[in-house]
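Asks: Numbering (my numbering), first residue to last: 7 to 372.
The beta-carbon is built from N, C-alpha and C at its ideal position, and this holds for glycine as well.
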Amino acid sequence: MIILSIETSCDDTGLTILEAKGKSSFKVLADELASQAKMHSEYGGVYPNLAKNEHTKNLPILLEKALKKSKVKKIDLITVTHGPGLEPCLWTGITFAQELAKKWNAKVVPVNHMEGHILSVFGKNRGSFEIPKIKFPVLSLLVSGGHTELVLSKDYLKHKIIGHTLDDAAGEAFDKVARMLGLPYPGGPEISKLAEKARTLRKRGLGRSDGDVQRKFSVENFRAESTQGAGFKFPRPMLHSKDFNFSFSGLKTSVLYFLQKNPDVDKKIIALEFENAVIDTLVYKTKQAVEKNKIKTLIIGGGVAANRHLNKELKKTFKKEIKILFPTKELARDNAVMIGIAGFLQYKAGKTKNPKIIKARGNLTL
Ligand code: KG4
Ligand code: ZN
Numbered sequence: 007m008i009i010l011s012i013e014t015s016c017d018d019t020g021l022t023i024l025e026a027k028g029k030s031s032f033k034v035l036a037d038e039l040a041s042q043a044k045m046h047s048e049y050g051g052v053y054p055n056l057a058k059n060e061h062t063k064n065l066p067i068l069l070e071k072a073l074k075k076s077k078v079k080k081i082d083l084i085t086v087t088h089g090p091g092l093e094p095c096l097w098t099g100i101t102f103a104q105e106l107a108k109k110w111n112a113k114v115v116p117v118n119h120m121e122g123h124i125l126s127v128f129g130k131n132r133g134s135f136e137i138p139k140i141k142f143p144v145l146s147l148l149v150s151g152g153h154t155e156l157v158l159s160k161d162y163l164k165h166k167i168i169g170h171t172l173d174d175a176a177g178e179a180f181d182k183v184a185r186m187l188g189l190p191y192p193g194g195p196e197i198s199k200l201a202e203k204a205r206t207l208r209k210r211g212l213g214r215s216d217g218d219v220q221r222k223f224s225v226e227n228f229r230a231e232s233t234q235g236a237g238f239k240f241p242r243p244m245l246h247s248k249d250f251n252f253s254f255s256g257l258k259t260s261v262l263y264f265l266q267k268n269p270d271v272d273k274k275i276i277a278l279e280f281e282n283a284v285i286d287t288l289v290y291k292t293k294q295a296v297e298k299n300k301i302k303t304l305i306i307g308g309g310v311a312a313n314r315h316l317n318k319e320l321k322k323t324f325k326k327e328i329k330i331l332f333p334t335k336e337l338a339r340d341n342a343v344m345i346g347i348a349g350f351l352q353y354k355a356g357k358t359k360n361p362k363i364i365k366a367r368g369n370l371t372l
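1. Using 8 Å as the cut-off, can you tell me whether the region 356–365 makes contact with the region 130–137, which would need three or more C-beta pairs spanning the two stretches below that distance?
2. Just verifying my parser: in three-state terms, what is the DSSP assignment at residue 300?
3. Does the beta-carbon of residue 225 have 16 or more other beta-carbons within 10 angstroms, so that it is buried, or is it exposed?
4. How would you label residue 333, buried or exposed, when you count the other beta carbons within 10 angstroms and need 16 or more for buried?
5. If you measure between the beta carbons of residue 367 and residue 88, is that distance less than 8 Å?
6. By Cβ distance, which residues of its chain are closer than 7 Å to residue 173, with the 5 residues on each side in sequence left out?
7. For residue 283, which residues does DSSP report across the bridge?
8. Skipping 5 residues on each side, what residues in its chain have a beta carbon closer than 6 Å to that of residue 97?
9. Compare the beta carbon distance of residue 193 and residue 205 with 8 Å and say whether it is the shorter of the two.
10. Write down the C-beta distance between residue 375 and residue 309 rounded to the nearest angstrom, noting that I regard them as a contact closer than 8 Å.
11. With a cut-off of 5 Å, give the chain-ordered residues whose Cβ is closer than this to any heavy atom of the ligand ZN.
12. Hey, residue 376 and residue 288: beta-carbon distance below 8 Å or not?
13. Would a C-beta distance cut-off of 8 Å place residue 120 and residue 94 closer than the cut-off?
14. Does the beta-carbon distance from residue 162 to residue 351 come in below 8 Å?
15. Would you report the Cα separation of residue 145 and residue 157, rounded to the nearest angstrom?
16. For a minimum of 4 consecutive residues, which ranges assigned as the alpha helix (DSSP H) are wholly contained in the region 66–144?
17. Taking Cβ to Cβ, would you say residue 187 is nearer than 8 Å to residue 277?
18. Under the criterion of a Cβ to heavy atom distance below 7 Å, does residue 374 qualify as lining the ligand KG4?
19. By Cβ distance below 6 Å, which residues in the same chain neighbour residue 140 in space, the five residues on each side in sequence not counted?
20. Taking the alpha helix (DSSP H) that residue 346 belongs to, which residues open and close that run?
21. Going by DSSP, name the residue or residues bridged to residue 36.
22. Looking only at its own chain, which residues have a Cβ that is under 7 Å from the Cβ of residue 299, when we skip the five neighbours before and after it?
23. Just to confirm before moving on: does the CB-CB distance between residue 342 and residue 11 stay below 8 Å?
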């Protein structure tokens, strides 16, 4: 079965052609991605109408390239993101899918972008891959520019959100703090690079040795440490809330006030302290959710999944107790391969839809 997948929920246009064999094997025949990050970087964020125009321009170009590369003549199944995301952008993918479905008489499955991020850990953007048998229950920490969610899954397609951000998403906080520091968009990788430099300097003895290493997970420990080291520390928001929710807006404001009062502090140190605060919070809540729900497998998805410090801290926290699955760097960010995987599994579960009734759903939840 030949699957064409389309992803246009935010600022990346993704288009992939996969060949599915049997129930769970895939071959990537073509994987195209047009990133608008450079364009949006000039504005410091994503402008929906600008992004929409880019998707409209990119989609036919990417399709032509993908058809040429894959040498396929006919598509059997089209999977397309219908939410959550920016509605004008989602519509471009949906209308494109509707036109192509007519042309090839293909079946269509609408895909939840967040389910895509969960299943992204099984994929690759080239070669072949297989969906493995994993142990449930699964907890997914989905961290991107638009979302920060903890999702409990009883099966590959059975999900429940058990925690979410009350304001800014983790990636969004990275982007906003990067902007305060005069770094380009997207800010996550930039902050992360600076933080890594500061960490290396500290390890060499310039500044305190990295106290994160032996840190125990308690609010008291975080408070006790706040007076040590670089002389300042940003808050770890919501650690004492008895739920699995997050909030990053206050942390962002703390950084802003700190910068206003201390304009001369090294950017690297601010990046380090900010990254530590975000990652500590994510790891702390994830650990609580893992313990409470007797989790067997932990999945990390979304753009922030590419963060090296997050990866390291999670591995250190859980050791070999549970299996942790990360996406490849290419599939951590938005992409169409994950929309292909999710769409194919949904198709197998009988979730084909009449393309005419598919609508963009900006606030779609799992
Ligand atoms: O999943 P994604 O590509 O798009 C959304 O659906 O939002 O995620 C993009 C987000 C951006 O906020 C970006 O700054 C962040 O992921 N990001 C990172 C890193 N790489 C990307 N954040 C922290 N560390 C990184 N290495
Ligand atoms: Zn995403």
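Replies: Answer, in terms of the structure:
1. no
2. coil
3. Here residue 225 scores only 42 on pLDDT, less than 50, and its place in the model should not be relied on; the value that follows carries that caveat. That one is exposed.
4. buried
5. yes
6. For residue 173, where only same-chain residues beyond five positions count, the Cβ hits under 7 Å are 253, 254, 255.
7. In the DSSP output, where bridge partners are listed per residue, residue 283 has none listed.
8. 366
9. Not in contact: residue 193 and residue 205 (Cβ atoms no closer than 8 Å).
10. Nothing in the structure corresponds to residue 375, since the chain is present only between 7 and 372.
11. Applying a distance threshold of 5 Å between residue Cβ atoms and the heavy atoms of the ligand ZN selects 150, 340, given in chain order.
12. The chain is shown from 7 up to 372; residue 376 falls before or after that span and cannot be answered.
13. no
14. yes
15. 6 Å
16. 93–110, 119–125
17. yes
18. Residue 374 lies beyond the residue range present for the chain, which begins at 7 and ends at 372; the question has no answer from this structure.
19. 303
20. Boundaries of the alpha helix (DSSP H) harbouring residue 346: 343–354, taken from the DSSP string.
21. DSSP, once it has assigned bridges, lists 23 as partnering residue 36.
22. 143, 145, 158
23. yes
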